[in-house]
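These protein sequences, in sequence, are chains D and W. When we follow my numbering, the leftmost residue of the first sequence carries the number 1, and every step to the right adds one. When we follow my numbering, the leftmost residue of the second sequence carries the number 1001, and every step to the right adds one. Ideal placement from N, C-alpha and C gives every residue a C-beta, glycine not left out. The structure presented is a predicted model; accordingly, all values stated were derived computationally and were not measured.
There are 2 protein chains.
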Amino acid sequence: MGVYQHNGHEQVVHTVQLLDEAYRRGDDQKRIGGTQVDTDSELIRQLVRCVGENSVLHRYEELVSYECDAYTLQKAIPRAVVFPKNTEEVARVVRLLNERKIPFIPRGSGTGLSGGATPTGGEVVISLVRMNQLLQVDLPNRRAVVQPGYINLHLTQAVADQGYYYAPDPSSQQACTIGGNVGENAGGAHCLKYGVTTNHVIGVKLVLPNGEIVELGGLTDTPGYDLVGLIIGSEGTLGIVTEITVRLMKQPESVRTVLALFDEAADASEAVSDIIAAGILPAALEMMDTLAIKAVEKGTFPVGYPEDIGAVLLVEVDGVEAGLDDQIKQIVDVCRKHRVREVRLADSEEERKRWWANRKTAFGAVGTLSPDYLVQDGVIPRSRLPEVLARVAEISRQQRVRIANVFHAGDGNLHPLIMFDSRVPGEEERAVLAGSAILKVCADAGGSITGEHGVGLEKRDEMYYLFTDEEIAVQMAVRDIFNPGGLCNPGKMFPSPARCAEVKRHIKQVSK
Amino acid sequence: MGVYQHNGHEQVVHTVQLLDEAYRRGDDQKRIGGTQVDTDSELIRQLVRCVGENSVLHRYEELVSYECDAYTLQKAIPRAVVFPKNTEEVARVVRLLNERKIPFIPRGSGTGLSGGATPTGGEVVISLVRMNQLLQVDLPNRRAVVQPGYINLHLTQAVADQGYYYAPDPSSQQACTIGGNVGENAGGAHCLKYGVTTNHVIGVKLVLPNGEIVELGGLTDTPGYDLVGLIIGSEGTLGIVTEITVRLMKQPESVRTVLALFDEAADASEAVSDIIAAGILPAALEMMDTLAIKAVEKGTFPVGYPEDIGAVLLVEVDGVEAGLDDQIKQIVDVCRKHRVREVRLADSEEERKRWWANRKTAFGAVGTLSPDYLVQDGVIPRSRLPEVLARVAEISRQQRVRIANVFHAGDGNLHPLIMFDSRVPGEEERAVLAGSAILKVCADAGGSITGEHGVGLEKRDEMYYLFTDEEIAVQMAVRDIFNPGGLCNPGKMFPSPARCAEVKRHIKQVSK
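As structure tokens, this is what we get:
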């Protein structure tokens, strides 16, 4: 084996491939993993010169942690992981990797759900977690500047005493970075009223895939093309964001939160549509179905939902105190019209927080029901919720996998949790097929294959549900301007042309 | 002269050039204008085949109306004007012009203020005014689909009875088209709270510069790059939008409007900053200075402002009825802290409308003070309003031109109205120089050279105030993907490379 040889960066690739193969074969990982891979190779030395001695990982057992993000169905060992501390170090690493024609991947906390930070083989992972500073808070202009590794929730915590907060609130907000949020255009429960990441980021500093540093956007709308908007949600394929200027929001004066328990999920989803149609724009409007409720009740923060209910809505309104009771009354009226069994109003901030904690544990709690599960992320016009839920139930039966539904109902953003047991042959494949079929239903209903998790590695083929070859080609041409060598986060977002025919057969299959 | 010859499209160019020269020389326009230009040329016949007999203009006197938009300092006669009725006709025209390598310009109502729809010589103008249908209203999902020639205000009128409206409200909203709004990413007085066009458009159908038709975006956020965001504000350089899907907003339950009259403009601008800092986000927060007030009081809707006041703020809050009085009280308190002379609360919808009508006549009313004027459009952080206003006054003195200030103060979006008399040698040049110098001040204050009017022909050189050569090159590379032949709205947005050195000298000059 070539594992112990050290003769230049091709060797690293070879070594990593061998390690990766060995790992996949289930070889003795101690023996392999304990080995210091390629420590004195030219590449590692060069990386160390870029970022310093303690900022490069290259041992197998260190690299394994970076083989995927929170989407775990595809994995590959990276070649190395570097931890730059500032924009200049990022640029230095990128310039080096350009010279060496070695691909690279930006990575935040690795909480992404579509494999956006997952290597495809031999990339250098550029981890931004040490660039975790809050650089500036400018309350008169309601903005802040953060480094990409700054944790989402920390920003709200930093400005809460002054009465402000940062609006996008993914369920992973205690762990995920704002840089990662920019990459995926992350959403969250409160994005119904306040918008997703792209509505809250006004400028970025970016290391282009060739190592040059540019600043886009800033305090105000800038002339020329909206390249900030283009960067947000580009999944790390257009460069590496190293500074982010975000809007801060004033905390609402008051908040009211209600739980509405329905016997039938269809009634709950009709209520969702009618609440919005009544002219109320809740801060959040979340829904969970029976199976999801069963999961969260087994989780860390049970609420005490009756076991036999069909769906629960968690509805929050915020704003000026004086208007809220009236909005709550209207919401309750709509729920009653749709045969709600019970409505509860949070009677304290503690109760409200508990309800939210319960809701936010949903993804994890599904683990109590099933050894493995997939989280999907489709979007539909909210008026079509009832019929799409019926189709999801049908797909669940067809593919013989259980599906729990948790969703940002107000946005029409579904998160079907598709359960399977990877030890049972064929189950994982059926789960993947079910996910893809659900996305097809969403696309056909006039929706989208992702609301907030991104395309990543996971949904490249499903891009065809929404786009023609021509439309994908336009997008890839945009990518190629920024990223002409394809070194920056390769293999993400776009189906490979070679897979086109195969993918189209797959579409036929899930459309049956 | 070649005017009367008809032998192919080169002749048309030649003819148009001759006509244009003659026009500029001030030749007898009747003699030239009365001539039917090139009616049987190959090009005109081909255009007629694309869009039909009554949908092509080619006589000089018809073309003259299309020599510029509402930015009148640069003009050129187009080669022809066509009026397609649907997407397919647009695509047909574009494909024809590609074959013939003839440049073209999309145009709405021609109310743009930066020359975005102005020919640079020999283009075919593709007027979208006959594509003026409201195609779909979907209230449950709060969206509408319109053709690009649909008038902005008509959309609000169409859904007002059901309690909805379309938020972006440029002062020209009675005349401007939503297609034009998309091109320029138009704003308006109420964009402080609700955002500009890009926050309200979720999808477009687009004829690419090569004539292919693509659909981008749609009901929900779509995966891949945010190409809808890229198209919005791209000033017609990336293709021709032929259908637009927009968000509709629910009308607020109530509205309160106050006028605050200040002795000193500096006090008013400090009040602006403090109102926002107090956590109030007004629906609109407008400011006019003495000279602007003098103008509007001579306009169609005088309010009766005292002659000696230094500035007026027009502040509007909206939302749930119950919370508004409290917000108004806070606003009045802030104004008092800044030595307001008088505060008036609109006591009827009629009075409120009258105040707004007065404000919206500001641009036109300046014509009562000066034979000519330029409207500029800069943006600054609102906390820097007082110092920037002082700089504007200084520039006014330096260049010996009077400047009235009307602005969306809450957004920090200035509209200096620079008055001049084109009959006085050198005055127009000094006015242009003053405008450019103001934009430099805005850029240096951390702002932008355009808030809502676009770059167009007018501010191409000022792009250097904000962007490096590298940043402009990235933007041009994006344009070239969509518009590789450069036929689609040529000469807009970007400085020509040849002018680079000259422009940099100019920057030095206005920076003195």
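Does the beta carbon of residue i come closer than 9 Å to any beta carbon on chain W?
i, result
"D:Asp69", "no"
"D:Pro381", "yes"
"D:Thr120", "no"
"D:Phe494", "yes"
"D:Leu457", "no"
"D:Leu389", "no"
"D:Gly218", "yes"
Strictly below 9 Å CB to CB, what residues from chain D border residue i?
i, result
"W:Leu1230", "Tyr225, Asp226, Leu227, Gly229, Leu230, Val478"
"W:Asn1405", "Those do not exist, as W:Asn1405 stays about 17 Å from chain D at its closest Cβ, beyond 9 Å."
Mind listing the chain W neighbours of residue i? Cutoff is C-beta to C-beta under 8 Å, in chain order.
i, result
"D:Lys298", "Neighbours of D:Lys298 on chain W: none; closest Cβ ~32 Å, over 8 Å."
"D:Lys250", "Gly1279, Leu1281"
Residues of chain D with CB closer than 8 Å to the CB of residue i, please, in chain order.
i, result
"W:Phe1467", "Gly224"
"W:Met1463", "Pro223, Gly224"
Would you say residue i faces chain D, with C-beta separation under 9 Å as the test?
i, result
"W:Pro1168", "no"
"W:Gly1287", "The question names Gly, but residue 1287 of chain W is Met in the sequence shown. W:Met1287 does not count as touching chain D."
"W:Asp1138", "yes"
"W:Leu1043", "no"
"W:Gln1475", "yes"
"W:Ser1422", "no"
"W:Asn1483", "no"
"W:Val1124", "no"
"W:Glu1253", "yes"
"W:Arg1344", "no"
"W:Ser1273", "yes"
"W:Thr1156", "no"
"W:Gly1435", "no"
"W:Asn1185", "yes"
Give me the Cβ distance between residue i and residue j, rounded to the nearest whole Å; I'm assuming they're in contact under 8 Å.
i, j, result
"W:Pro1103", "W:Val1093", "That belief does not hold up - the Cβ atoms of W:Pro1103 and W:Val1093 are roughly 12 Å apart, past 8 Å."
"W:Leu1314", "W:Glu1286", "4 Å"
"D:Asn141", "D:Asn210", "Wrong, their Cβ atoms sit about 32 Å apart, outside the cutoff."
"W:Gly1179", "W:Gly1108", "5 Å"
"D:Leu134", "D:Ala158", "6 Å"
"D:Val272", "D:Gly410", "6 Å"
"D:Arg256", "D:Val317", "5 Å"
"D:Ala278", "D:Gln330", "6 Å"
If the cut is a Cβ gap below 7 Å, which residues of chain W does residue i touch?
i, result
"D:Thr450", "Pro1223"
"D:Glu471", "Val1214"
"D:Thr198", "Asp1226"
State buried or exposed for residue i, treating a residue as buried only when at least 16 other CB atoms are found within 10 Å of its CB.
i, result
"W:Thr1177", "buried"
"D:Gly435", "buried"
"D:Ser496", "exposed"
"W:Asn1405", "buried"
"W:Glu1429", "exposed"
"D:Gln475", "buried"
"D:Leu345", "exposed"
"W:Arg1423", "exposed"
"D:Arg143", "buried"
"D:Ala160", "exposed"
"D:Pro282", "buried"
Listing by chain order, which chain W residues have their CB less than 9 Å from the CB of residue i?
i, result
"D:Gly233", "Asp1221, Pro1223, Gly1224, Tyr1225, Asp1226"
"D:Val320", "Gly1319, Val1320, Ala1322, Gly1323, Leu1324, Asp1326, Gln1327"
Given residue i, which residues of its chain have a CB within under 8 Å of its CB, disregarding the five upstream and five downstream residues?
i, result
"W:Leu1457", "Tyr1071, Gln1074, Ser1114, Gly1115, Gly1116, Thr1118, Thr1120, Gly1491, Lys1492"
"W:Leu1206", "Ile1213, Val1214, Glu1215, Leu1216, Ile1231, Leu1238, Gly1239, Ile1240, Val1241, Thr1242"
Near residue i, what residues of its chain come up, given a Cβ to Cβ distance below 6 Å and the 5 sequence neighbours on each side ignored?
i, result
"W:Gly1304", "none"
"D:Gly217", "Ile202, Gly203, Val228"
"D:Asn358", "Val296, Phe301, Val303"
Once you ignore the five residues that flank residue i on each side, which residues in its own chain have a CB closer than 7 Å to its CB?
i, result
"D:Arg483", "A small fix is needed here, since residue 483 of chain D is Asn in this sequence, not Arg. Answer for D:Asn483: Pro209, Thr237, Leu238, listed in chain order."
"D:Asp169", "Gly188, Ala189, His190"
"D:His415", "Val375, Gln376, Asp377, Val406, Phe407"
Give the interface partners of residue i over in chain D, defined as CB-CB distance under 7 Å, in chain order.
i, result
"W:Asn1141", "Pro381, Arg382, Ser383"
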